[in-house]
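Numbering (the numbering used here), first residue to last: 4 to 186.
And the structure:
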C-alpha cells in the first residue's frame, strides 16, 4: 500500500474527512491501495485556517506517524510545505528510526521555487537524509487539443535539469501542467 501523509499545515490540498478506528485514526482510502491522511481532514470546514505554533505542528506530525492506523505500508510519502522549517526537521527526526530511503524533492521551473529547493537540498545534506532525486512539476503545458507544448513558467536559469546537473542529483522526471488535475 502507498500511504500519503500531508502536513501542509498552512494550506491543505485535500478536502476529505478522517475516520476513527479502534487502533487510531484511519486514513482516507482514495483507492484500495492508496491511503491519505491530512490535517485538513480534521477541520470542520475547508475554509478553516490552521494557526499553530511549532510545538503544536510538530505534535501533529508525531501523532500522524504514531496514531494513524496505516496498516501494511510499502511506501510512505510525507508531503511537506516548501522550505526548511521546524516541520521538516521534526519529520526527519521522527522517521529516522524507520530507515528512510530518502527524499524526492518536487520543484517547478521558476527560480523562486529552485531557490527553495536548493535550501531543501542543503537541509537534506545537513541532516544526512539521502536525496533520491528531483521532479520538476508543471514543466510545460500541453494543449489538450493541438498537443503543442508551452512553457508557462519558463526557466530563467535552466530549471531543475541544470540545477540537478550542477548539484549532481538525479532528475527523476518532468511532469507537465495538467488542466484536469487540481482546482
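Glycine residues also receive a C-beta, built at the ideal position from the N, C-alpha and C atoms.
Predicted model only: the values in this text are computed from it and were never measured.
- If only uninterrupted beta strand (DSSP E) runs of at least 3 residues are considered, those enclosed by the stretch 111-183 are 134-145, 174-180.
- The residue from 179, 75, 4 with its alpha-carbon nearest to that of residue 147 is 179.
- In the three-state reduction of the DSSP assignment, residue 34 falls in the strand class, which pools E and B.
- The Cβ neighbour count for residue 128, taken over all protein chains shown within 10 Å, is under 16; the residue is labelled exposed.
- Taking a cut-off of 8 Å for Cβ pairs, the stretch 45-61 and the stretch 102-121 do not touch, as fewer than three such pairs fall below it.
- Within the stretch 48-100, the runs of beta strand (DSSP E) at least 3 residues long that lie entirely inside it are, in chain order, 78-82.
- The secondary-structure analysis by DSSP pairs residue 103 with nothing; it has no beta-bridge partner.
- Counting along the chain, residue 8 sits inside the beta strand (DSSP E) bounded by residues 5-9.
- Around the beta carbon of residue 38, 16 or more other beta carbons sit within 10 angstroms, so the residue counts as buried.
- The beta-bridge partner set that DSSP reports for residue 39 consists of 7, 31.
- Comparing alpha-carbon positions, the option among 142, 71, 36 lying closest to residue 174 turns out to be 142.
- Residue 184 sits exposed, since fewer than 16 C-beta atoms from the chains shown fall within 10 Å of its C-beta.
- Residue 4 sits close to residue 77, with the two beta carbons spaced by under 7 Å.
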